[in-house]
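Chemist:
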Amino acid sequence: MMFALVDCNNFYASCERMFNPSLNGRPVVVLSNNDGCVIARSNEAKALGIPMGAPAFQIQLLVERNEVAVFSANFPLYGDMSRRVMTILSEYSPEQEIYSIDECFLNLTGINEDLAAYGLKMRTHVLKWTGIPVSVGMAPTKALAKAANRIAKKFTERTGGSYVIDTDEKRIKALKWLPLEDVWGIGRRQAVKLKAAGMRTAYDFTQADREWVRKNMTIVGVKLQDELNGIPCMEMNPVEKKQSITTTRSFEKAYKSLDELRERITTFAASSAESLRKQNSLCRSLMVFIETNRFGEPFEQYSNNLMVKLPFATSSTIEIVQSAVQGLQKIFKEGYHYKRAGVVLMDFISETNLQPSLFFNSDPRHLSLMQTVDKLNNKFGTHVLKLASQDMRTWKMKQEHLSPAYTTNLNDVIRVKI
DNA sequence: TCTGGGGTCCTAGGACCC
DNA sequence: TCTGGGGTCCTAGGACCC
């Protein structure tokens, strides 16, 4: 077996920079929705010590002193750039697993070439066609490919951004270099436990007693140990349908009334339902949740969630919204300052596997109605059609540093003067 | 004033059944 | 002191990922 893990460097920051070359060499950060906290940093921003996840207001001083370029997250742009990168990479293997917006696994088993050079070829190709720098790690297991990727990225000057672990010597050298907490699959919790047991590097972990690992880290830990020892346990996962679809947002200000929350929940449920239809699924239950400011202060805290079983499988926005709002009414309590809410759809079946029930079924008229709505919304841009109860008030996300929709809106396409 | 959003998998323990 | 035991299904919560 041979896997590649290809990963875009500082992806969101690289996307912003791609359309604004004057930012080359300058520190760049991208903020989450509501301009809340840092979700991407260029190397220069990392070097300034701006931590991942830092609240925007806490890095204000650093930003001003160092002329850091700050952007509000522009997810349509990143999604579009991702699609382009992934399409190029798919040419390098018969099997691609898109693992996240900025990385994918490729199955390189049977590719009869010098792999390090093959990785460099991918990197050059992607950079030339999209302007996005990527790193390529290759190894006989997914976990080792992840480790190889870290080496490719960390030592770009030496590796050119492409590194292969194809011998036991290289494997051991890599694992002795890789700190425990940087291993794919070992999180903060486990790292503490492993360090307490005297381990420090990925290599130490591979030497740990198998039974101890099973007891302390379940079967997941045992598989990871095998993977790092070069025994593949994780296969390529073909792109499958999602098992749950979530829409959640923090609010710019606190909401107190049921009416305000009802509008938000309606909008979230509608957005989730749209994604559900996109993958041709129906859902049989959903969860709605609301919460006050989890950072406390100065008001009393309350958070709650509720699972709602739908009377039938459906993808109708109307029916899903109804159930979500019923759920909201059950958990809503007067007197709190709500700061976040969300709707999770789950328990899916495929449209084609629907077994109609004798008495309770989704309103058959909704399917064609929804198809029409989706078609129109697709054709004329987002949400020319929506429920009357959606977006009643002028709800707005804080986005003070939003870049143009360079690739998805004709008016924002970059013009080149000749 | 100001702290994101969207996923997956595994397990323990309760409910229920025989 | 002194409990029956074993299977299955479901769910909440924890851990991890990006």
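With the first sequence counted from 1, adding 1362 to any position gets you the numbering used here.
Virtual Cβ for every residue (Gly too), placed ideally from N, Cα, C.
Here the structure is a predicted model, which means the values were calculated and not measured.
Using alpha carbons as the reference points, say which of Leu1489, Trp1491, Ala1703, Val1498 lies closest to Tyr1480.
Modeler: Along the first sequence, one-based indexing puts residue 1480 at 118. Of Leu1489, Trp1491, Ala1703, Val1498, the residue nearest in Cα terms is Val1498.
Chemist: Let me make sure I understand the geometry here. Which of Ala1416, Ile1534, Pro1594, Lys1603 has the alpha-carbon closest to that of Gln1569?
Modeler: Looking up residue 1569 in the first sequence gives position 207. Cα-wise, what sits closest to Gln1569 is Ile1534.
Chemist: Can you check which of these residues, Ser1633, Ser1637, Leu1477, is closest to Leu1749 by C-alpha distance?
Modeler: As a first step, residue 1749 is located in the first sequence; it is residue number 387 there, counting from the start. Measuring from the Cα of Leu1749, the nearest candidate turns out to be Ser1633.
Chemist: Helix, strand or coil for Ser1751, going by three-state DSSP, please let me know.
Modeler: As a working mapping, residue 1751 is identified with position 389 in the first sequence. Coil, per DSSP.
Chemist: Does at least one heavy atom of the ligand FMN sit under 7 Å from the Cβ of Ala1407?
Modeler: This structure simply doesn't include the ligand FMN, nor any ligand for that matter.
Chemist: The alpha helix (DSSP H) that contains Lys1532, what's its start and end?
Modeler: In the first sequence, the residue the question calls residue 1532 occupies position 170. From DSSP, the alpha helix (DSSP H) with Lys1532 extends over 1530 to 1539.
Chemist: Check for me: the alpha helix (DSSP H) holding Gln1458 runs from which residue to which?
Modeler: Numbered from its first residue, the first sequence carries residue 1458 at position 96. Looking at the DSSP string, Gln1458 is not in any alpha helix (DSSP H); the run it does join, the beta strand (DSSP E), is 1458 to 1462.
Chemist: What does the alpha-carbon distance come out to for the pair Ala1407 and Leu1385?
Modeler: As a working note, residue 1407 is residue 45 in the first sequence. As a working note, residue 1385 is residue 23 in the first sequence. Distance between the alpha carbons of Ala1407 and Leu1385 is about 12 Å.
Chemist: Under the three-state reduction of DSSP, which class applies to Ile1652: helix, strand or coil?
Modeler: Residue 1652 sits at position 290 when you count from the first residue of the first sequence. In this structure, Ile1652 counts as strand in the three-state DSSP scheme.
Chemist: Taking the alpha-carbon of Gln1663 as reference, which of Met1669, Lys1701, Ser1452, Val1687 has the nearest alpha-carbon?
Modeler: Counted from its first residue, the first sequence places residue 1663 at position 301. For Gln1663, the nearest C-alpha among the options comes from Lys1701.
Chemist: Measuring alpha carbon to alpha carbon, tell me which of Thr1609, Asn1372, Ile1513, Leu1644 ends up nearest Leu1716.
Modeler: In the first sequence, counting from the first residue as 1, residue 1716 sits at position 354. Here the closest residue by C-alpha is Leu1644.
Chemist: What's the call for Gly1472, buried or exposed, on a 16-neighbour Cβ count within 10 Å?
Modeler: The residue you call residue 1472 lines up with position 110 of the first sequence. Per the 10 Å Cβ criterion, exposed.
Chemist: Counting along the chain, where does the beta strand (DSSP E) carrying Ile1401 start and finish?
Modeler: Residue mapping note: residue 1401 aligns to position 39 of the first sequence, counting from 1. 1400 to 1403 is the span of the beta strand (DSSP E), which, as asked, contains Ile1401.
Chemist: Buried or exposed: which applies to Asp1464, given that a residue is buried once 16 or more other Cβ atoms fall within 10 Å of its Cβ?
Modeler: Residue mapping note: residue 1464 aligns to position 102 of the first sequence, counting from 1. The residue is buried, with at least 16 neighbouring Cβ atoms inside 10 Å.
Chemist: How far does the alpha helix (DSSP H) with Ala1510 in it extend, from its first residue to its last?
Modeler: For the purposes of this step, residue 1510 is taken as the residue at position 148 of the first sequence. Ala1510 -> alpha helix (DSSP H) spans 1504 to 1516.
Chemist: Can you list, in chain order, the residues of its chain with a C-beta nearer than 8 Å to that of Leu1672? Leave out the 5 residues immediately preceding and following it.
Modeler: Reading the first sequence from its first residue, position 310 is the one you call residue 1672. Cys1645, Arg1646, Ser1647, Leu1648, Glu1681, Ile1682, Ser1685, listed in sequence order.
Chemist: Between which two residues does the beta strand (DSSP E) containing Thr1734 stretch?
Modeler: Here residue 1734 refers to the residue found at position 372 when the first sequence is read from its first residue. Careful: Thr1734 lies outside any beta strand (DSSP E), inside the alpha helix (DSSP H) at 1726 to 1741.
Chemist: With distances taken between CB atoms, is the gap from Ser1606 to Met1708 smaller than 8 Å?
Modeler: Reading the first sequence from its first residue, position 244 is the one you call residue 1606. Reading the first sequence from its first residue, position 346 is the one you call residue 1708. Result yes, Cβ atoms of Ser1606 and Met1708 sit closer than 8 Å.
Chemist: Whole angstroms is fine: what's the gap from Ser1665's alpha carbon to Gln1761's?
Modeler: Counted from its first residue, the first sequence places residue 1665 at position 303. Counted from its first residue, the first sequence places residue 1761 at position 399. Whole-angstrom Cα-Cα distance: 26 Å.
Chemist: According to DSSP, which residues form a beta bridge with Arg1485?
Modeler: As a first step, residue 1485 is located in the first sequence; it is residue number 123 there, counting from the start. DSSP lists no partner for Arg1485.
Chemist: Excluding sequence positions up to five away, which residues of its chain have a Cβ less than 8 Å from the Cβ of Leu1623?
Modeler: Taking the first residue of the first sequence as 1, we reach residue 1623 at position 261. Hits under 8 Å: Tyr1617, Ile1652, Leu1690, Phe1694, Tyr1700, Ala1703.
Chemist: Determine the burial state of Asn1436: buried for a count of at least 16 other Cβ atoms within 10 Å of its Cβ, exposed for fewer.
Modeler: Indexing the first sequence from 1 puts residue 1436 at position 74. Flag for Asn1436 reads buried.
Chemist: When the distance is taken between beta carbons, is Met1500 closer than 8 Å to Leu1477?
Modeler: Your numbering for residue 1477 matches position 115 in the first sequence. Your numbering for residue 1500 matches position 138 in the first sequence. Yes; because the gap between Cβ atoms is below 8 Å, this pair is in contact.
Chemist: Would DSSP call Arg1576 helix, strand or coil?
Modeler: Sequence index remark: in the first sequence, residue 1576 carries index 214 (1-based). Looking at Arg1576 - three-state DSSP - the assignment turns out to be helix.
Chemist: For the alpha helix (DSSP H) that Phe1694 lies in, which residues bound it at each end?
Modeler: Locating residue 1694 in the first sequence gives position 332, where the first residue counts as 1. Note, Phe1694: premise wrong, no alpha helix (DSSP H); not H, not E.
Chemist: Beta strand (DSSP E) containing Ile1607: first to last residue?
Modeler: In the first sequence, counting from the first residue as 1, residue 1607 sits at position 245. It spans 1606 to 1617 - the beta strand (DSSP E) in which Ile1607 sits, taken as one unbroken run.
Chemist: Could you check what DSSP says for Ile1711 in three-state terms: helix, strand or coil?
Modeler: Counting from 1 along the first sequence, the entry for residue 1711 is found at position 349. Looking at Ile1711 - three-state DSSP - the assignment turns out to be strand.
Chemist: Of all the options Arg1777, His1763, Asp1528, Asp1774, which has the alpha carbon lying nearest to the alpha carbon of Cys1399?
Modeler: Numbered from its first residue, the first sequence carries residue 1399 at position 37. Looking at the Cα atoms, His1763 is the closest of the given residues.
Chemist: Shortest alpha-carbon distance to Phe1433 belongs to which of Ser1730, Val1650, Leu1393, Gln1422?
Modeler: As a first step, residue 1433 must be located in the first sequence, where it is residue number 71. Comparing Cα positions, the closest option is Leu1393.
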